[in-house]
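See structure below.
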Amino acid sequence: MKEIIAKTALIAPAVPPLYLSARFVRGRQRAEAVWQASQYPKLGDIGQVKHLSILPLIDWYTADPELEGEPGVSYLIRADDRTILFDLGLNRRQEHPSPLLRNMARLGVSFDEIDMIFISHAHLDHIGGRRNMAEGVFAPSAGYVNLRQMPAYVPTPLVNPTATPIVLEGPTVLAPGVASMGPIPRQLFFLGWTLEQSLAIHVEGKGIVVIVGCGHPTLQKILARQAMLFDAPLYGIIGGLHYPVTGSRSVRHGIPRQQVFGTGLWPWQRISQTDVHRAIALLYARDPQVVALSPHDSCDWSLAAFRTAFGKKYRDILVGRAIEI
Ligand SMILES: [Zn+2]
Ligand SMILES: [Zn+2]
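In my numbering, each residue carries its 1-based index in the sequence shown increased by 154.
Next comes the structure, spelled out in structure tokens:
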């Protein structure tokens, strides 16, 4: 009995107040309506890049014990002569220099070589922390970093005094061969209305490589949007798809965060092994040649399921080890 009471106390914060439930039901309907209405023409010839590499600067696992991992995302994307910083990590302790800055220093990466910032969505693990999320700010560290007024492509209004934020409302070409696939909405129970955009890069002779932040819109919709925008095939998909099945990367106040937050389900529902097998089947049918699942919001069981399904085509996402396309 004692144990039951203790367990109830643990899940008590997840018992939904009525307004959250009403907001969730309304938001889910709205997200579906927006999705149905978002019919975009093909982006046409966006150009191509010859070389693409994705260097994880922040994620859960690292290639080297000298580097720091955290349940967040920041990837350095080199597409020919264009360098894009995709998301800004979690910076859980709001430090300066942040884990992102410390990893960049260890890997010899400087802001001077970065041409643009791309923010997938405005959650704390992608814009540099809880305080930023509350204040509508994106920042690579808790102290001053000069971003030289570089463009920062964001899916919702966010600010940083040293960058030039540009809100993208739909699919947009950002540089030759590089495009945002445009925000796709999802209503999340606690985190609310969430617009997330993925990055698409057309690699010459290969196809489209999609880089995803958290995967809140669902793999189904991300793949559908890729097919809607491009004639070229899906060559690769790299990043977060949010499949925490057997565990969460962070547990706070007894709540397994990734399994409760960000799933798009009711708080008492969980993403299942069947959901993951369905996602794998869907992706498999598109025959991607490179698949890399971010461990920041998926559990080891899901990583292993993807690894088994895609074999040699599967790449581990490790901070400090570039994925070369
Ligand atoms: Zn998220
Ligand atoms: Zn995330």
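Just so you know, even glycine gets a beta-carbon here, dropped at the ideal spot from N, CA and C.
This one's a predicted model, so the numbers in the text were calculated from it and none came from an experiment.
Status (buried if at least 16 other CB within 10 Å, exposed otherwise) for residue i
| i | result |
| --- | --- |
| Pro315 | exposed |
| Leu172 | exposed |
| Trp422 | exposed |
| Pro219 | exposed |
| Gln193 | exposed |
| Ala354 | buried |
| His275 | buried |
Whole-Å CB distance - residue i paired with residue j, under 8 Å assumed
| i | j | result |
| --- | --- | --- |
| Leu239 | Ile208 | Their Cβ separation, rounded to whole angstroms, is 11 Å, which puts Leu239 and Ile208 out of contact at 8 Å. |
| Arg440 | Leu377 | 6 Å |
| Leu312 | Phe292 | 5 Å |
| Gly474 | Leu261 | 6 Å |
| Ala476 | Arg340 | Actually they are not in contact, since the Cβ atoms of Ala476 and Arg340 sit about 30 Å apart, beyond 8 Å. |
| Leu230 | Leu211 | 5 Å |
Distance, residue j Cα to residue i Cα
| i | j | result |
| --- | --- | --- |
| Ser452 | Arg284 | 20 Å |
| Leu242 | Lys375 | 24 Å |
| Val364 | Gly297 | 31 Å |
| His510 | Phe460 | What the structure shows of the chain is the stretch from 155 to 479, and residue 510 is not part of that stretch, so it cannot be assessed. |
| Asp470 | Asn286 | 29 Å |
| Gly181 | Thr310 | 16 Å |
| Asp234 | Arg247 | 35 Å |
| Trp189 | Val179 | 16 Å |
| Phe344 | Leu174 | 7 Å |
| Thr428 | Ser456 | 11 Å |
| Trp214 | Ala458 | 15 Å |
| Gly369 | Pro398 | 12 Å |
| Pro325 | Ile338 | 10 Å |
| Glu465 | Ala306 | Before going further, note that residue 465 is Gly rather than Glu in the sequence given. Those two C-alpha atoms are separated by around 35 Å. |
Inside the stretch 229 to 295 only - beta strand (DSSP E) runs reaching at least 3 residues:
236 to 240, 270 to 272
Could you tell me whether the stretch 320 to 338 touches the stretch 290 to 304, using the rule of 3 or more Cβ pairs below 8 Å?
The stretch 320 to 338 makes no contact with the stretch 290 to 304; the number of CB pairs closer than 8 Å stays below 3.
Under 8 Å: do the stretch 403 to 418 and the stretch 376 to 389 share three or more Cβ pairs, one atom per stretch?
no
Go through the stretch 406 to 435 residue by residue and report every complete run of the alpha helix (DSSP H) that reaches 4 residues or more, in order.
411 to 414
Quick check: the stretch 315 to 324 against the stretch 210 to 228, are at least 3 beta-carbon pairs closer than 8 Å?
no
3-residue-minimum beta strand (DSSP E) runs that sit fully inside the stretch 312 to 384, ordered along the chain
318 to 321, 326 to 329, 332 to 334, 338 to 342, 346 to 350, 353 to 357, 361 to 366
Kindly provide the ranges of any alpha helix (DSSP H) runs that are 4 or more residues long and lie completely inside the stretch 160 to 229, ordered along the chain.
If we require 4 residues or more, the alpha helix (DSSP H) runs fully inside the stretch 160 to 229 come out as 172 to 191.
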